[in-house]
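Engineer:
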(Lines of atoms letter the chains of each structure in order from A; the text may use other names.)
(Lines give C-alpha, C1' and ligand atoms only; values in the text may rest on other atoms or scores of the structure.)
Protein backbone atom coordinates (compact mmCIF):
# COMPACT_ATOMS: atom_id res chain seq x y z
CA UNK A 408 0.00 0.00 0.00
CA UNK A 409 0.99 3.63 -0.36
CA UNK A 410 0.98 4.17 3.42
CA UNK A 411 3.27 1.17 4.04
CA UNK A 412 5.66 2.42 1.34
CA UNK A 413 5.70 5.89 2.92
CA UNK A 414 6.45 4.41 6.35
CA UNK A 415 9.23 2.26 4.89
CA UNK A 416 10.76 5.29 3.17
CA UNK A 417 10.56 7.29 6.41
CA UNK A 418 12.29 4.48 8.34
CA UNK A 419 15.00 4.25 5.68
CA UNK A 420 15.56 8.02 5.86
CA UNK A 421 15.83 7.85 9.67
CA UNK A 422 18.30 4.97 9.43
CA UNK A 423 20.38 6.89 6.89
CA UNK A 424 20.45 9.87 9.25
CA UNK A 425 21.59 7.64 12.12
CA UNK A 426 18.24 7.82 13.92
CA UNK A 427 16.07 4.92 15.01
CA UNK A 428 12.38 4.28 14.55
CA UNK A 429 11.84 5.76 18.03
CA UNK A 430 12.24 9.19 16.42
CA UNK A 431 8.75 8.62 14.96
CA UNK A 432 7.14 8.13 18.37
CA UNK A 433 5.90 10.96 20.56
CA UNK A 434 4.38 10.34 23.97
CA UNK A 435 2.35 13.15 25.47
CA UNK A 436 0.57 13.12 28.82
CA UNK A 437 -1.73 15.77 30.22
CA UNK A 438 -3.11 16.23 33.71
CA UNK A 439 -5.15 18.72 35.67
CA UNK A 440 -3.69 19.76 39.02
CA UNK A 441 -6.06 21.66 41.29
CA UNK A 442 -5.28 23.67 44.39
CA UNK A 443 -2.03 25.26 43.24
CA UNK A 444 -0.72 27.90 40.87
CA UNK A 445 1.22 27.21 37.67
CA UNK A 446 4.27 28.85 39.28
CA UNK A 447 4.19 26.59 42.37
CA UNK A 448 3.67 23.52 40.20
CA UNK A 449 6.58 24.49 37.94
CA UNK A 450 8.82 25.04 40.98
CA UNK A 451 7.85 21.61 42.37
CA UNK A 452 8.48 19.82 39.07
CA UNK A 453 11.75 21.71 38.45
CA UNK A 454 13.15 20.66 41.85
CA UNK A 455 15.11 17.42 41.39
CA UNK A 456 14.74 16.26 44.99
CA UNK A 457 10.97 15.96 44.32
CA UNK A 458 11.41 13.61 41.36
CA UNK A 459 11.58 10.35 43.39
CA UNK A 460 8.19 11.20 44.90
CA UNK A 461 6.50 11.52 41.49
CA UNK A 462 8.42 9.04 39.29
CA UNK A 463 8.10 5.42 40.43
CA UNK A 464 11.47 4.35 38.97
CA UNK A 465 13.41 7.35 40.33
CA UNK A 466 15.38 6.26 43.38
CA UNK A 467 17.37 9.41 44.20
CA UNK A 468 18.95 12.56 42.78
CA UNK A 469 22.36 14.06 43.52
CA UNK A 470 24.11 17.20 42.35
CA UNK A 471 26.94 16.98 39.82
CA UNK A 472 29.64 19.52 40.54
CA UNK A 473 29.50 22.17 43.20
CA UNK A 474 27.34 25.13 43.96
CA UNK A 475 23.97 23.52 43.38
CA UNK A 476 21.56 21.93 45.86
CA UNK A 477 18.98 19.44 44.43
CA UNK A 478 16.33 20.75 46.84
CA UNK A 479 16.22 23.96 44.77
CA UNK A 480 14.74 24.30 41.27
CA UNK A 481 17.18 23.20 38.58
CA UNK A 482 18.80 26.24 37.01
CA UNK A 483 20.60 26.82 33.74
CA UNK A 484 24.00 25.15 33.79
CA UNK A 485 23.28 22.98 36.84
CA UNK A 486 23.46 19.21 36.50
CA UNK A 487 22.15 16.27 38.48
CA UNK A 488 22.47 12.51 38.36
CA UNK A 489 19.13 10.77 38.74
CA UNK A 490 19.46 7.20 39.99
CA UNK A 491 16.82 4.79 38.67
CA UNK A 492 15.81 1.40 39.97
CA UNK A 493 12.84 -0.93 40.10
CA UNK A 494 10.08 0.37 42.36
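Residue numbers (our numbering): 408 to 494. Think of the CB as a built atom: it goes at the ideal place given N, C-alpha and C, for glycine as much as any other residue. These figures come from a predicted structure and were not determined experimentally.
#1: Per the contact definition of three or more C-beta pairs closer than 8 angstroms, is the region 455-462 in contact with the region 470-490?
#2: For residue 467, does the three-state DSSP call read helix, strand or coil?
#3: Below 8 angstroms between beta carbons: does that hold for residue 487 and residue 469?
#4: For the beta strand (DSSP E) containing residue 490, name the first residue and the last one.
Structural biologist: So, from the data block:
#1: yes
#2: Residue mapping note: residue 467 aligns to position 60 of the chain shown, counting from 1. It is a strand residue.
#3: Counted from its first residue, the chain shown places residue 487 at position 80. Counted from its first residue, the chain shown places residue 469 at position 62. The answer is yes: Cβ separation under 8 angstroms.
#4: In the chain shown, residue 490 corresponds to position 83, counting from 1. Note, residue 490: beta strand (DSSP E), 486-491.
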